[in-house]
Every structure is written in C-alpha cells, then in structure tokens.
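Chains as they are written, first to last, in this note's numbering: chain U, 1 to 400; chain V, 1001 to 1400.
All residues carry an ideal CB built from backbone N, CA and C; glycine is no exception.
Number of protein chains: 2
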Amino acid sequence: MSVSALDTVSAAARRVARELAAVDTAAKDAALERIAEAIEARAGEILEANALDVAAAAGETAAIVDRLTLTPERVAGLAAAVRDVIALPDPVGTTVRRFELTNGMPAHKLRVPLGVILIVYEARPNVTVDAAALCLKSGNACVLRGSSLATNSNAILLDVVRGGLAAAELPADAVQALPESRAELERFVADPEAADVVIPRGGEALKKMLLERSRIPVLAAAGGNCHVYVDASADADRAVAIAVNAKVQRPGVCNAAETLLVHSDREDDLLPQLVAALEAEGVELLDGEDAWATEFLDMKMGVRVVPSLDGALEHIARYGTGHSEAIVTEDEAAAERFTREVDAAAVYVNASTRFTDGGEYGMGAEIGISTNRLHARGPVGLEDLTTTKYVVVGQGQIRE
Amino acid sequence: MSVSALDTVSAAARRVARELAAVDTAAKDAALERIAEAIEARAGEILEANALDVAAAAGETAAIVDRLTLTPERVAGLAAAVRDVIALPDPVGTTVRRFELTNGMPAHKLRVPLGVILIVYEARPNVTVDAAALCLKSGNACVLRGSSLATNSNAILLDVVRGGLAAAELPADAVQALPESRAELERFVADPEAADVVIPRGGEALKKMLLERSRIPVLAAAGGNCHVYVDASADADRAVAIAVNAKVQRPGVCNAAETLLVHSDREDDLLPQLVAALEAEGVELLDGEDAWATEFLDMKMGVRVVPSLDGALEHIARYGTGHSEAIVTEDEAAAERFTREVDAAAVYVNASTRFTDGGEYGMGAEIGISTNRLHARGPVGLEDLTTTKYVVVGQGQIRE
C-alpha cells in the first residue's frame, strides 16, 4: 500500500467517524444484526477461505493452528458474538455527570465515541468480527490489522462485515483493513492523526514495537507476570485450587499466574502439596531470578519462598507487571495490606487471577485487558471505547 | 545532570510514589498546611530570589515578566492556593463502582494514585507550588521541570515545599526538580519508566517536542483554536457580549476564541455590530485560511461568514482543535445539532468559551486542560490524577 493509500484509509476512517458519532443505537444494532445474518448466510465461503489459511499454516504450532481454525460451530459463534454486542448497552450519549458551573449554568458530561481505533492482532479470525462489532456499537470507525496467517479468513470476514454495514445503509468504511506487513503498520502509526488509539491484542513483539514507535496512544498492551501469594494463614485446599487454576486452566493468557510465592511458615507443610498438585498437572516449577522475571505463557511456573508478607509485596513490586495479583489468606489484616499495597489492575483475595476478564466482570465482550495507568486499567469494555464531552447551556453568560 | 543523576530522580520518585500511595488524607493535608506555613514564613526569601529572576528577565515581554513576578500579595496567594487544595476532597481510595462478578464475588473499583507525574511548565513560579500541592493531595510523586527564567524562584519554592514535607514527616522526594535544559528533558522523557505521565503546561514548542519525543504518555497538551459561531437566530446583545468576552477577557489563554463565525443571514445587521464592538476593544479582525488556522493568543481574531449551520460545523471540524466551541442562537434545534455534532472537550450554547476551567467547573484547582481523547478531556482536576484498581474478594473461587 502506498503512503497515499494509507492516508486514504485514515482519511476515510476520520470522515466516517464523524458520521458514526451521530448514528443512533437502533441503527447501529440493526447493522450488527445484518452483519450476524451475513456471517450465517456466507458461512460456506468463510470456511473455504479459512481452509486456505489453515492449509498454508501447516508448519505452525498446534496452538496457532487451533486459534486460526474456523469450524461451522465457530462460525455460528462469530454470529452469536455479534448478537451479544447488540444486547450490550450503548455507551454513546449516556450522561456521566450532571452538575452546575460555579455561576449556576447547567452542564453535563456525556460519553462520545473515541473516533478512529486501530486494532492490531494475531492470527485469530474471530477478532476481526469481535473488534468490528465493539467499535461499531461504540460509534467508532475501526481499522483492522490482522496477521498474514489469517489473510484469506480476514478478507472474507471483512467483506461480510462491510456488506452487513452497507445493507443497513451505514458506511462500509466504518470497518477497514490495513495490509499485514510490519512496514505498513510502522508507517501508519508514525502519523499521530491516523487514528485516535491503537489497541494491540496479543503478540509481545508487536506490542513492544507499538509502544516504541507509535505516535498514536497505545491502549491495553497488557503483559501479565501475575503472582499467587500463599500467606502464612492460607487455607491449604484453597491455596492448591487457586494456584493450580491460576496456572493451568489456560496457561497461554495474560491473567494466568507465572510465579507462586509461599510464606516460609508454610514451606514444610503446604509447599510440598502445592508442588505436587502443580506437577501432577504437568507444570514445571522453576526457581531463581530468570524464572521470576519471565512471563512463561506456558506450563512453567516460577516459585519462591518469601519470609513474610512484606517479602511478597517486595517481590511483586519488583517483578509484577501490574496485571492481576492474588493472595490466599485467612488473615484479614494480611488481605487488607495486600489489596492496599499491591499496585495492579486487579487484586484478588482467595480467588484465581484468571477472573480478570470482561465477561467475568459483567462487561460483556472486552476488546483487551489494559495495564496502562491512563484511561482504562483492567478489562477494556465498550465504555472504555468512548471519551467525554462537556455540554454547557447558558443564557448569554460571560466570564468576569 | 548526568544520566545516572536523572535515573536517581526517577528511582527516588518511584520509591516515594509507592510510599505516598499509602499515606492517608489527614497526613497529606497536614503536610500541605506545613507547606503553606513555610511559604508564609519564608516570604522574604522567596521575594528576594524572585527579584533576581525578574532582574535577569529585563529583555522579555511584559506578559512574561508579569507572570514571572511575585509580590507579597502573590506570595500570600501561593499559600492560599495550597490551603484551597487542603479543602478539596481526596480522590484516593474512593470507590468508583461496586459490583459483583458474574459468579457473585463482590468487587469494587477504587481510585489509586497515578504514580509519578512530570510537570513541564513555563516561567510561572506559582505552578511550582500548585502542581506540587495537587500531586501530593492525589498521592502522586512529582518531578517539576520549570523554566530557566524562573530558576531562582523555583529553587527557593522547591526548598520551601520540601521543607514542609519533611516537617510533616513525609518524604521530601515527593517533589523533585529536573534541570531546565531541553536536552535533559528529552533524555528524561525518552525512558518510558521514568514517570507515568507528563503534563505540559503552556509553551507550544515544548508541547510539540513532548508529543513527538516523549515515550511517557502526555496528558493535557491542549491547543485551543476555539470558535464563537453566531447563528441566524442569535440574540444580538448576547452575540456581542459573548464574542467580546471570549476574545478579549484574557486573550493569551487556550480557551480564548480565535475565530468568529457568522451566519450569512446576519452579515448585514449583526456582523457590523460585532466588528465594531471587537475593534473598540482593540481586536484586529483577519480573514482567510491563514487566520482561521492560527491560534493567535493575542488581540487578533479570524472572522468568516458561513452560509449555514452546516458551514459552521464544517469549519470547526476542519480548523478546530477540539477544545471549546460556542454557538449563540435562539433556535433549539440549532443548539441541539451544534452540541451533538461539534467534537470538542466543551461545547457551549449562549455562553463564552472562557468557562472551560477547573475553577469554573467546580473542580477547584486544575492542573491543565486536556484536549486528549484518552483518560481526561477538558479541565484536569484531582480525580484525573488517579487511576483505578479492582479489588475482588473471594472464598476460594476458581475459574471453570
């Protein structure tokens, strides 16, 4: 794509964003329904295109191929996910706060769309549909940049989504795509006006590149070096269940636990039980600096005995990435200190770190999980895809 | 300052930030009171240091010298501003939302400090005190980078503030300073870990540099190309009062109006009145592309006759910077379209753009005005100097 073609994408997105901001909920929901119907109607084409990608991905890991693969059930799931977004409340136009200026003028702070959102993602065709649906519902234009591994799947899904938009008489350019090359992406994000926010979904190298190069603000680039700390007073059954669940239930995701910290008082009785339970699930336990600093995203876990709650807090402050941290304890004072002093998007007492998720938090679909400190921290839902505007109504007031 | 000295500043700020996050409101307010008392007790020293800066600034514009100059009354004002911050509610620890996860676990979303805030500002010694007070109240460590024109004033005020912190047994490193050179600032902001956010206050060139070079997120870098649009149905007296106030009341600030748009229906009756009133105040009116694109911050104003409300909306979409926009109209439908379709931090109906201000909005002191779309848009108050943390309390729950 030439520089001018990239400019054309951002100019069209910008133009459409202005239009979308004024589209009401019913019209957006109608377009989402058309998109869901188009996915169902064109399931055959979608599966054929996907089969080409899957065939070409023969050399990739089983996990990558699995995420890439669509089946009839998964295609039905894509349509269902779009209908789930229809059911979510539209954040646009909702009042965050009503107040009066100090001179008595009535004012309100409203939610309005962010504008243009660039979504950068891996070889997961479902993201093409999910991201488009969430951006549309929140009144944003989106530019999708998927993986070359999913090129055929993404192309047909983009066509389906744009067809649904056109059928509902909304501008097809509400959803556009960038080519898959790294160079194109780097060029696009070098222009601070090209989009209002970039949301990377997965892919540590890509996130790092965006954090270094993007002049568009980057949201939700979460890395998760998450911990489960088993306190002196921990209930043994809870500790084992939580440590195993946090590591094993889905080891490849950002809210999976990466290091187990155990209070030294429990080194003799509980640590062996924890180790045995984790090893029985196939987890390899590793000790030392390198392990503590690593986000394995795999069936490996760091382990460390700490002399105290303070030792755990120090460890987490040093190695944690501010994502999700859990304490297992029966001591209220320890729970209170842990939740107050650990600096993370989500802190759990006697529960698994795996709960940090838009669905679990009742937000419906999420577009990612943020460890940013600005704008949104934790699961990023529809509301987080908006900004605000103050509207003040006077009767000729001027400032003295 | 050597690279390692810059690293020492950020390391100390980071360490202190963790400490400050756990300091309660009473202790922060006590420190603020000590700072206010220290300003009063050391007023003579402050005025002496300021006199050196003022003498050295002999070649600068009257406006710069005025902003730089402290008088006994202004020093008293610095102490009063600190006491105003004591009176503001502490946002830290307040609950944004209580909810249950879908599995029933109780959760809440709490406000916590952002962490380390870098404030970059011009030759206004009051910002040294205001910024330190707002950051302290919101539990953040701050790093101040003032102008070399105010070097003596800032040095004594930093010493006074740090003395107040120490007297209250809080860490003096809660407030630190960077040297004034541009190179040092560029080095500091090149490290994404050096601070959590940079807030530039004033200085377009500096803002531009930060937006280009900073790897720390930049908040509140507002430029204000603000408009007053006089609609076909405008009340003439209101239109004149608002246009004059928006331009003249304080022309050098970001919420001052820079272009007057007038509906062509009012070209013959109202435009001449508007021009006469503005010219009587000494405003020079300018026509054409260059004028419309310029943020004068001076007694100059662009002017344009537009054929319709749509013409005004197009003009604002093209030239506006998303800060503050006003319509003068007696037509509710026009007001409704203007407030819905103009994309700006603040939109006014029949009121001056000059109201976009933390004080006028009842937030108390503000640390700047943001035209960012992420995190905070409009006046940036104490709440905007926080992020959030989810705390979830379970009884051994794991994710299925």
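Exercise. What separation, rounded to the nearest whole angstrom, lies between the Cα atoms of Val1253(V) and His375(U)?
Worked result: 26 Å
Exercise. What residue from Leu219(U), Val328(U), Asp269(U) has the CA that sits closest to Ala243(U)'s CA?
Worked result: Val328(U)
Problem set entry | Beta-carbon proximity check, Leu1185(V) vs Val1120(V), cutoff 9 Å | yes
Exercise. When we look at the beta-carbon of Ala1087(V) and count the other beta-carbons within 10 Å, is it buried (16 or more) or exposed?
Worked result: exposed
Exercise. At least one CB of chain U closer than 9 Å to the CB of Phe1188(V): is that the case?
Worked result: no
Exercise. Is Val1197(V) close to chain U, meaning its C-beta is less than 9 Å from at least one C-beta of that chain?
Worked result: yes
Problem set entry | Closer than 7 Å at the beta carbon, the chain U residues around Ala1241(V) | Gly396, Ile398
Problem set entry | Presumed contact (8 Å Cβ cut-off) between Ala236(U) and His263(U), rounded CB distance | At roughly 12 Å, the Cβ-Cβ gap does not stay under 8 Å, so Ala236(U) and His263(U) are not in contact.
Exercise. For His263(U), which of helix, strand or coil comes out of DSSP?
Worked result: Here DSSP, grouped into helix, strand and coil, assigns His263(U) to strand.
Exercise. Does the distance from the C-beta atom of Arg1201(V) to that of Gly1368(V) stay below 9 Å?
Worked result: yes
Exercise. Do Ala1280(V) and Ser1352(V) have their CB atoms nearer than 9 Å?
Worked result: Their beta carbons are not under 9 Å apart, which means Ala1280(V) does not touch Ser1352(V) by this criterion.
Exercise. Any Cβ of chain U within less than 9 Å of the Cβ of Ala1344(V)?
Worked result: yes
For this session: Can you give me the start and stop residues for the beta strand (DSSP E) that Gly1396(V) sits inside?
Result: 1386-1397
For this session: Would you mind working out which of His1108(V), Arg1074(V), Thr1128(V) sits nearest Leu1047(V), comparing C-alpha positions?
Result: With distances taken between CA atoms, Leu1047(V) lies nearest to Arg1074(V) out of His1108(V), Arg1074(V), Thr1128(V).
Exercise. Would Phe1338(V) pass as a contact of Asn1255(V) if the rule is Cβ separation under 9 Å?
Worked result: The Cβ atoms of Phe1338(V) and Asn1255(V) lie no closer than 9 Å to each other.
For this session: Give the C-beta separation of Asn1140(V) and Leu1020(V) to the nearest angstrom, bearing in mind that I take them to be a contact with Cβ-Cβ under 8 Å.
Result: The distance from the Cβ of Asn1140(V) to that of Leu1020(V) is about 7 Å, consistent with a contact at the 8 Å cut-off.
For this session: Indicate whether at least one CB of chain U lies closer than 9 Å to the CB of Leu1374(V).
Result: yes
Problem set entry | Partner residues on chain U for Tyr1361(V), Cβ-Cβ distance less than 8 Å | Phe99, Leu101, Thr102, Ala107, Tyr390
Exercise. Taking all protein chains shown into account, do 16 or more other C-beta atoms lie within 10 angstroms of the C-beta of Glu360(U), making it buried, or fewer, making it exposed?
Worked result: buried
For this session: List the residues of chain V that Tyr348(U) touches, going by C-beta distances under 7 Å, in chain order.
Result: Val1392, Gly1394
Exercise. Can you name the residues of chain B whose CB is closer than 7 Å to the CB of Thr1339(V)?
Worked result: Among the chains of the structure shown, chain B does not appear; the protein chains present are U and V.
Exercise. Pairing CB atoms from the segment 1021-1041 of chain V with CB atoms from the segment 1151-1167 of chain V, are three or more of them under 8 Å?
Worked result: yes
Exercise. Of the residues Lys1247(V), Ala1312(V), Val1065(V), Asn1103(V), which one's Cα is nearest the Cα of Leu1297(V)?
Worked result: Nearest of Lys1247(V), Ala1312(V), Val1065(V), Asn1103(V) to Leu1297(V), Cα basis: Lys1247(V).
For this session: Report the rounded CA-to-CA distance for Asp1191(V) versus Ile1216(V), giving the unit in angstroms.
Result: 7 Å
For this session: May I have the straight-line CA-CA distance separating Asn225(U) from Ser1148(V), to the nearest angstrom?
Result: 42 Å
Exercise. If we cut at 9 Å on Cβ distances, does Ser404(U) have a partner in chain V?
Worked result: Residue 404(U) falls outside the range modelled here, since chain U spans only 1 to 400, and no answer is possible.
For this session: Starting from Pro1192(V), find everything on chain U with Cβ-Cβ shorter than 9 Å and list it in chain order.
Result: Leu211, Glu212
Problem set entry | 8 Å CB neighbourhood of Pro1072(V) in its chain, flanking five on each side removed | Ala1043, Leu1047
Problem set entry | Where the alpha helix (DSSP H) through Asn245(U) begins and ends | 236-248
Exercise. Which residues of chain V have a Cβ atom closer than 7 Å to the Cβ of Gly115(U), listed in chain order?
Worked result: Arg1373
For this session: Could you name the residues of the segment 1006-1035 of chain V whose beta carbon sits closer than 8 Å to any beta carbon of chain U, in the order they occur along the chain?
Result: Arg1018, Ala1021, Ala1022
For this session: Could you tell me the boundaries of the beta strand (DSSP E) in which Leu1285(V) lies?
Result: 1284-1286
For this session: Below 7 Å between beta carbons is the criterion; list the residues of the segment 1242-1259 of chain V that meet it against any residue of chain U, in chain order.
Result: Ile1242, Asn1245, Gln1249
Exercise. From Arg182(U) to Glu1193(V), what does the alpha carbon distance come to, in whole angstroms?
Worked result: 26 Å
Exercise. Ordered along the chain, which non-local residues of its own chain (more than five positions away) have a Cβ less than 6 Å from that of Thr1094(V)?
Worked result: Arg1111.
Exercise. At least one CB of chain V closer than 9 Å to the CB of Ser308(U): is that the case?
Worked result: no
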